[in-house]
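Scroll down for the structure; my scribbles are underneath it.
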Amino acid sequence: MSNVERFEFILLLIVVIVVLDLAARRLRLPPAAALVLGGIAITLMPGLPVIEIDPDLVLIVFLPPLLLAGAYFSVWHAFRANLAGILQLAVGGVAFTTLAVAMATRWLIPSMPWAGCVALGAIVAPPDAVAAKAVLKRVSLPERITTLLEGESLLDDAASLVLYRFATMAALTGTFNLVHAAATFGYLAAGGLAFGGLLGWVWIWFMGMVRDRIVSITMTLLLPWVAYIGGERLGVSGVITTVVAGLVVGWR
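For what it's worth, UniProt numbering labels the leading residue of the sequence shown as 1, then goes sequentially.
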């Protein structure tokens with residue numbers, strides 16, 4: 001497939017996405033579910049070209065703006081008031097689900113090493129933040145429950161990515177140190193919190209100095225990737241950095 005044909009195919013996919021989104025809204029279904037089903041249907045259609053995309057590229061392209069948008073529109077005072085419950089769900093819930101999936105996988109496939117089982121559990125443990133948002137918008141729930149679920153959907157990716165990193169390291173080295181893992185998790189979380197807060201305040205100050213509308217729009221579009229990539233480059237959690245930066249900017 002030539003580059004022109006690949007570009008045309010991507011444009012066609014965008015048209016399909018728009019049609020699926022409109023159909024989902026018409027049928028009162030979560031748009032994320034319609035997109036997943038549509039994607040499965042497209043992959044089963046014969047004759048379509050095969051396009052290989054680096055999974056890491058997909059992660060870094062789509063995850064940061066989704067996290068920032070979710071954090072930006074979160075109600076800060078409600079998020080802060082329910083922070084303890086959010087952390088229990090985001091960290092404890094993901095850890096419990098990871099362990100449960102790992103034990104079930106080990107029981108079903110005894111030959112699979114524990115590190116691989118934990119890695120699989122970390123992959124499937126966090127719920128989809130986009131799907132959670134879409135469902136919560138259509139269901140009448142108490143404000144506290146909505147805040148807990150939305151906040152948990154923002155932070156559970158960080159916990160799952162850390163668990164996945166530890167599992168892959170254990171698979172490569174053959175050893176696992178619980179104290180080192182806990183200390184590393186604390187460093188990643190604290191570093192992401194500090195850098196995300198600092199970046200959010202710097203962004204607010206900088207946007208207050210800018211008077212050009214095009215520059216303001218461009219800088220706003222860049223913020224999620226600056227936060228995520230910057231956090232990863234500094235060795236802290238890019239997910240937490242992005243979420244905290246979005247909370248700070250949205251609060252102001």
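Heads up, the beta-carbon is just placed ideally off N, CA and C, and yes, glycines get one too.
Going by other Cβ atoms of all chains shown within 10 Å of its Cβ, with 16 needed for buried, is residue i buried or exposed?
i: Gly235; result: exposed
i: Trp205; result: exposed
i: Leu44; result: exposed
i: Leu223; result: buried
i: Tyr228; result: buried
i: Gly231; result: buried
i: Val91; result: buried
i: Phe62; result: exposed
i: Ala81; result: exposed
i: Ser153; result: buried
i: Ser216; result: exposed
i: Phe79; result: buried
i: Thr147; result: buried
i: Thr175; result: exposed
So, helix, strand or coil for residue i, using DSSP?
i: Ala125; result: coil
i: Asn3; result: helix
i: Arg26; result: helix
i: Gly174; result: coil
i: Leu234; result: coil
i: Met45; result: coil
i: Asp54; result: coil
i: Phe185; result: helix
i: Pro64; result: helix
i: Ile109; result: coil
i: Phe96; result: helix
i: Asp212; result: coil
i: Ser74; result: coil
i: Pro142; result: coil
Under 8 Å by Cβ, that's how I've got residue i and residue j pegged, so tell me the actual separation to the nearest angstrom.
i: Pro64; j: Trp225; result: 5 Å
i: Ala245; j: Gly200; result: 4 Å
i: Pro127; j: Asp156; result: 7 Å
i: Glu150; j: Gly85; result: Contact doesn't hold; Cβ gap of about 12 Å is too wide.
i: Leu29; j: Ile17; result: Not really, about 15 Å apart at Cβ, beyond 8 Å.
i: Gly38; j: Leu20; result: 4 Å
i: Met219; j: Met207; result: 7 Å
Is there a Cβ of chain C sitting closer than 9 Å to that of residue i, yes or no?
i: Leu29; result: The structure shown contains no chain C, having only a single protein chain.
Inter-stretch contact (C-beta, 8 Å, three-pair minimum) for the region 116-123 and the region 84-102: yes
Cβ pair count under 8 Å reaching 3, the region 158-175 against the region 104-119: yes
Three or more C-beta pairs below 8 Å linking the region 192-206 and the region 239-246: yes
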